[in-house]
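> Following this message is one structure expressed as structure tokens.
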Amino acid sequence: MTTPVRLPLPPSLYADTAVPAVPTPPLDTDRRVSVAIVGGGFTGLSTALHLAEQGTDVVVLEAHEPGWGASGNNGGQINPGLKHDPDQIEADFGGELGRRMIDFAYDTTNFTLDLVRRYQIPCESRQNGTLRAAYNEAAATGIKTTAEQCISRGMPVKLLGREEMRAMTGSDRYLCAMLDERGGDLHPLSYARGLARAAISAGAAVYGETKALSLSREGSRWRITTPRATVTADKVLLATNGFTDDLWPGLRRTVVPVFSSIAATAPLSDELARAIMPSRPVLYESGHITVYYRIDQRNRLLMGGRGPMHWIKSPSDISYLIRYAERLWPQLKGVSWTHGWNSRLAITADHYPHVHEPTRNLLISLGCNGRGVALSSAMGVQLARRLVGGTSAEIDMPITGIKPIRMHALWPVAVTATVLAGRARDRLGI
Ligand SMILES: Cc1cc2nc3c(=O)[nH]c(=O)nc-3n(C[C@H](O)[C@H](O)[C@H](O)COP(=O)(O)OP(=O)(O)OC[C@H]3O[C@@H](n4cnc5c(N)ncnc54)[C@H](O)[C@@H]3O)c2cc1C
316 MTTPVRLPLP PSLYADTAVP AVPTPPLDTD RRVSVAIVGG GFTGLSTALH LAEQGTDVVV
376 LEAHEPGWGA SGNNGGQINP GLKHDPDQIE ADFGGELGRR MIDFAYDTTN FTLDLVRRYQ
436 IPCESRQNGT LRAAYNEAAA TGIKTTAEQC ISRGMPVKLL GREEMRAMTG SDRYLCAMLD
496 ERGGDLHPLS YARGLARAAI SAGAAVYGET KALSLSREGS RWRITTPRAT VTADKVLLAT
556 NGFTDDLWPG LRRTVVPVFS SIAATAPLSD ELARAIMPSR PVLYESGHIT VYYRIDQRNR
616 LLMGGRGPMH WIKSPSDISY LIRYAERLWP QLKGVSWTHG WNSRLAITAD HYPHVHEPTR
676 NLLISLGCNG RGVALSSAMG VQLARRLVGG TSAEIDMPIT GIKPIRMHAL WPVAVTATVL
736 AGRARDRLGI
């Protein structure tokens, strides 16, 4: 028997302010179930909730606690769409699947906010829009193209020019932005805990401190060993994202598990918060390296972006983000930064989310490429449908083969170089 190791939550603002967690004790007796899900983030929890709603016998095995991974530590931005533009998606996957992917991905924010309302999850959710902002000509051209493609499909988006962006952000930095009214924000750890609570109330079993150690066939079923007990299941979903290990051969090497970091201020005065973002949308930059920010319901500025490729503990570990914020709003100088933390997300080589079915009754979903708050929540419905007998063709995402990334072992060097080069170009204004 292996001793379970429950890692504490990263030292985030969310860990200090979330609603209490529902108890999720470790699995300590053997279980026989219809579906076993490995990973207790938005993907795993939403799938479990939608399975349990239909009366399916489902367990979630989470190595630490629900929301411990990216789901409880992210920027809290509920952003619509995929990384690629609609025309590109149709070109890559053809008209029929491409259109379904677009409809699905741009509706994920409404889906998520409806889910929050339906289960009355207390997670400070709002729908004040998402700004995708450009500070150089190349990015501005890209954003204009995206906006045109969205507008021609009848989506509720607007292109904002320099003056409008100054009014929206109190900063001169942005040339333009696309405002998508479907976007919003929430407290991600409270949301993850709310999903876990809803799934358990609907009949799912969620086990914390229960790492899946191995996955193997036992006749027509799957057998998952954990530190204290074993689960046998008809079907399995792997939802381990940036923490994917070697449970399934080659899977770990299909994603680059990059860290993203966030620094948070103490609550700002109403006057300062209004000067930065009077109408409280969320914003992410379309630049060499993505910076994203929002002001939460308690007037704290949360500033996110790429940081060190190892775990951090305090805002001083990501002083780059603080300096960047002070460059956008010099009046922030002297404000106290109370928290700095990070977590890992999964980037795929083609920047699309990946759904795999490498063999019968095994489903894998990972790689939301930094846009998983809404996307992973909505994927839960699609994955649940497939796990109770729907066809793979009904999933509004392509089912692809497992293709390990070439030279995967070199990713830390490549990512660090990209981040440093991006920062240098940002400083030079190119
Ligand atoms: C700092 C940061 C900021 C981000 N900001 C945003 C944002 O603002 N908007 C947005 O849309 N997206 C954002 N993202 C991305 C988003 O958080 C993710 O796409 C989403 O949370 C993925 O959910 P998930 O359930 O797939 O993975 P995760 O939440 O990472 O969950 C995976 C879980 O699997 C567990 N696990 C792994 N292996 C095992 C095992 N063998 N046995 C048991 N359990 C296991 C882990 O402990 C973990 O809890 C951000 C990500 C990060 C890291």
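The letter at position 228 of the sequence shown is residue 543 when you use this note's numbering, and the numbering goes up by one with no holes. We put the beta carbon where it would ideally sit given N, CA and C, even for glycine.
1) Does the distance from the CB of ALA581 to the CB of SER651 come in under 7 Å?
2) What is the DSSP secondary structure of ASP400, reduced to helix, strand or coil?
3) Should the region 432-442 be called in touch with the region 503-514, which here means at least 3 C-beta pairs below 8 Å?
4) Buried or exposed, going by whether 16 or more other CB atoms sit within 10 Å of the CB of GLU655?
5) According to DSSP, what are the bridge partners of ILE577?
6) In three-state DSSP terms, what is GLN392?
7) Report yes if the C-beta of HIS379 is less than 6 Å from at least one heavy atom of ligand 1; otherwise report no.
8) Once DSSP output is grouped into helix, strand and coil, what is the label at GLY744?
9) Where does ARG538 sit, in a helix, a strand or coil, going by DSSP?
10) Give me, in chain order, the residues of the same chain whose beta-carbon lies closer than 6 Å to that of GLY565; leave out the 5 immediate sequence neighbours on both sides.
11) At a cut-off of 6 Å, is ARG686 close to ligand 1 when judged by its beta-carbon and the heavy atoms of the ligand?
12) Could you tell me the distance, in whole angstroms, from the CA atom of LYS648 to the CA atom of GLU641?
13) Please determine whether the Cβ atom of SER601 lies at a distance below 6 Å from any heavy atom of ligand 3.
14) In this structure, what does DSSP give as the bridge partners for TYR329?
15) In whole angstroms, what is the alpha-carbon distance linking SER535 and ASP331?
16) For GLY704, which residues in the same chain have their Cβ closer than 8 Å to its Cβ, ignoring the five residues on either side in sequence?
17) State the DSSP-derived secondary structure class of ILE515, mapped to helix, strand or coil.
18) Contact defined as beta carbons within less than 8 Å: I believe LEU576 pairs with LEU636. What is the distance between those atoms, to the nearest angstrom?
19) If distances are taken between C-alpha atoms only, which option among PRO572, THR547, GLY396 comes closest to ASN556?
20) Leaving aside the five residues before and after ILE627 along the sequence, list all residues of the same chain whose C-beta is less than 7 Å from its C-beta, in chain order.
21) In whole angstroms, what separates the C-alpha of MET694 from that of THR362?
22) So ALA699 is in the alpha helix (DSSP H); what residue range does that whole segment cover?
23) Examine the Cβ distances between the region 368-388 and the region 520-537 and report whether three or more of them are shorter than 8 Å.
24) Tell me whether CYS438 counts as near ligand 1, meaning its Cβ is closer than 6 Å to at least one heavy atom of that ligand.
25) Say yes only if the C-beta of LEU660 is nearer than 6 Å to one or more non-hydrogen atoms of ligand 1, and no if none qualify.
26) Over what stretch of residues does the alpha helix (DSSP H) that includes THR715 continue unbroken?
27) By Cβ distance below 6 Å, which residues in the same chain neighbour ALA664 in space, the five residues on each side in sequence not counted?
28) For a test of your reading of the model: does the CB of GLY509 fall under 6 Å from any non-hydrogen atom of ligand 1? Yes or no.
29) Taking the alpha carbon of LEU617 as the point to measure from, which residue in MET624, ARG481, LEU583 has its own alpha carbon closest?
30) If you pair each beta-carbon of the region 471-478 with each one of the region 401-419, do three or more pairs fall below 8 Å?
Per the coordinate set shown:
1) Closer than 7 Å, so yes.
2) Looking at ASP400 - three-state DSSP - the assignment turns out to be coil, as it is neither helix nor strand.
3) Yes, the region 432-442 touches the region 503-514.
4) The question names Glu, but residue 655 in the sequence shown is Gly. Counting Cβ neighbours within 10 Å, GLY655 comes out buried, since at least 16 surround it.
5) Paired residue(s): GLY619, TRP656.
6) In this structure, GLN392 counts as strand in the three-state DSSP scheme.
7) Set against 6 Å, the gap from the CB of HIS379 to the closest heavy atom of ligand 1 is smaller.
8) Model confidence at GLY744 stands at a pLDDT of 45, short of 50, so the residue's coordinates are unreliable; what they give is reported in the following sentence. The DSSP-derived three-state label of GLY744 is coil.
9) Strand, per DSSP.
10) The beta carbon of GLY565 sits closer than 6 Å to the beta carbons of ILE717, PRO719 from its chain, once the five residues preceding and following it are set aside; these are given in chain order.
11) Flag set: Cβ of ARG686 near ligand 1.
12) Whole-angstrom Cα-Cα distance: 6 Å.
13) Absence of ligand 3 is noted for the structure shown, with ligand 1 being the only ligands found.
14) BP columns for TYR329 are empty, so no partner.
15) Going by C-alpha positions, SER535 is about 45 Å away from ASP331.
16) None.
17) Three-state result, ILE515: helix.
18) Reading off the sequence, residue 576 comes out as Ser, not Leu. The C-beta distance from SER576 to LEU636 rounds to 7 Å, short enough to meet the 8 Å contact threshold.
19) Per the C-alpha coordinates, the member of PRO572, THR547, GLY396 positioned closest to ASN556 is PRO572.
20) So the qualifying residues of the chain are SER576, ILE633, GLY655, TRP656, ASN657.
21) If you draw a straight line from the Cα of MET694 to the Cα of THR362, it is about 8 Å long.
22) Unbroken alpha helix (DSSP H) run through ALA699: 687-702.
23) As far as the Cβ criterion goes, the region 368-388 touches the region 520-537, which means the pair count is three or higher.
24) Remark: the shortest separation between the CB of CYS438 and any heavy atom of ligand 1 does not fall under 6 Å.
25) If you check the C-beta of LEU660 against ligand 1, you find a heavy atom less than 6 Å away.
26) Neither: THR715 is in no alpha helix (DSSP H) and is coded neither H nor E.
27) Excluding its 5 nearest sequence neighbours in each direction, ALA664 has C-beta neighbours in its own chain below 6 Å: ILE720, listed in chain order.
28) GLY509 has its Cβ no nearer than 6 Å to any heavy atom of ligand 1.
29) If we check each option's Cα against that of LEU617, LEU583 comes out closest.
30) Not touching, per the Cβ criterion.
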